[in-house]
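Oh and the sequence shown: position 56 is 288 in the numbering used here, straight run, nothing missing. All C-beta atoms in this analysis are idealised placements derived from N, C-alpha and C, irrespective of residue type, glycine included. Since the model is a prediction, treat every value here as computed from it, not as a measurement.
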Amino acid sequence: MDCIATFDTTHMALFFEKSCRSVGLKVKIVPVPREISSSCGLACSYPCEDEEKVRSIAAEKAIEVSDYHRL
């Protein structure tokens, strides 16, 4: 199952992707699904089993995540 992190800005989405990939996590930039709203239109998809690691990286790097979703 994949999870999605949404962002208010494109900059935060790209910074999140780069930060997660730098520690070996599998993340990718995807369009925000229609049922989920985001002002920048970009989200990052990642395996749900990496949720704790992803949230930890976001907190450590002060990345502003709008919300986390399970698909």
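Asked, Found
"Residues sharing a beta bridge with Val297, DSSP", "Phe239"
"From Thr238, Val297, Met233, residue whose alpha carbon lies closest to that of Arg266", "Thr238"
"First through last residue of the beta strand (DSSP E) which encompasses Lys260", "260-263"
"Delimiting residues of the beta strand (DSSP E) encompassing Ser277", "274-279"
"Alpha carbon of Leu257 to alpha carbon of Ile268, nearest angstrom", "23 Å"
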